[in-house]
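Visitor:
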Amino acid sequence: MLAAAIPRSGVLVLSTPLISVVDDDASVRVATENLLKSRGYIAQIFASAEELLRSPQLDETSCVITDVQMSAMSGLELLAEMRTRGYDAPFIFITAFPDDRVRASALGAGAIGFLAKPFTGQALIECLDNALNAYDGRGGI
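If you're matching positions, the sequence shown starts at 65 in the numbering used here and goes up one per residue.
This is how it looks when you write it as structure tokens:
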């Protein structure tokens with residue numbers, strides 16, 4: 065599972081994809097992190113979108129898995145902010161409140177996947193593999 069990542073420093077780095085998980089529910093964060101690590105990914109977890117945006121590893125993020133509804137900044141707002149900042153890492157949205165309008169907004173904004181909680185580990189891994197393949201394993205920008 066090697067992927068090329070070109071951080072803002074401009075240095076080409078070959079590494080295992082770094083997956084950023086953003087969810088305000090600690091149990092979802094930990095379960096998702098454990099699943100990703102069991103499949104050989106490097107996972108970093110964040111309780112909020114703002115935490116991810118402040119992360120020193122933001123440039124290295126290969127994919128973002130985020131909740132749609134969070135207290136301060138929603139997953140859709142996070143996607144918009146990252147695109148504004150020039151990051152094109154693929155996004156996978158997860159939500160306990162699946163809604164066709166929100167799904168259409170997420171996919172229209174460029175999300176690769178949209179999963180309703182509870183989802184199977186296999187569904188998330190398939191979605192993640194598709195996202196990474198679609199983006200050729202590119203890093204954050």
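Virtual Cβ for every residue (Gly too), placed ideally from N, Cα, C. Predicted model, so just to flag it, every value in this text is computed and none were measured.
Can you name the start and end residues of the alpha helix (DSSP H) that D193 belongs to?
Guide: As a first step, residue 193 is located in the sequence shown; it is residue number 129 there, counting from the start. Note, D193: alpha helix (DSSP H), 185-198.
Visitor: Ordered along the chain, which non-local residues of its own chain (more than five positions away) have a Cβ less than 6 Å from that of L99?
Guide: Walking along the sequence shown from the start, residue 99 turns up at place 35. Closer than 6 Å at the Cβ level, and outside the excluded window around L99, lie G185.
Visitor: Between L192 and M137, what straight-line distance do the alpha-carbon atoms span, to the nearest angstrom?
Guide: As a first step, residue 192 is located in the sequence shown; it is residue number 128 there, counting from the start. As a first step, residue 137 is located in the sequence shown; it is residue number 73 there, counting from the start. Their backbone Cα atoms lie some 23 Å apart in a straight line.
Visitor: From which residue to which residue does the alpha helix (DSSP H) around S91 run?
Guide: One-based indexing of the sequence shown puts residue 91 at position 27. Segment 90-102, the alpha helix (DSSP H) holding S91.
Visitor: Below 8 Å on the Cβ atoms is my contact criterion, and I expect P154 with A180 to pass it. Report the Cβ-Cβ distance as a whole number of Å.
Guide: In the sequence shown, counting from the first residue as 1, residue 154 sits at position 90. In the sequence shown, counting from the first residue as 1, residue 180 sits at position 116. Actually they do not touch by this definition, with Cβ atoms about 19 Å apart.
Visitor: Across which residues does DSSP place V86 in a beta bridge pair?
Guide: Translated into the one-based positions of the sequence shown, residue 86 becomes position 22. DSSP lists F110, T130 as partners of V86.
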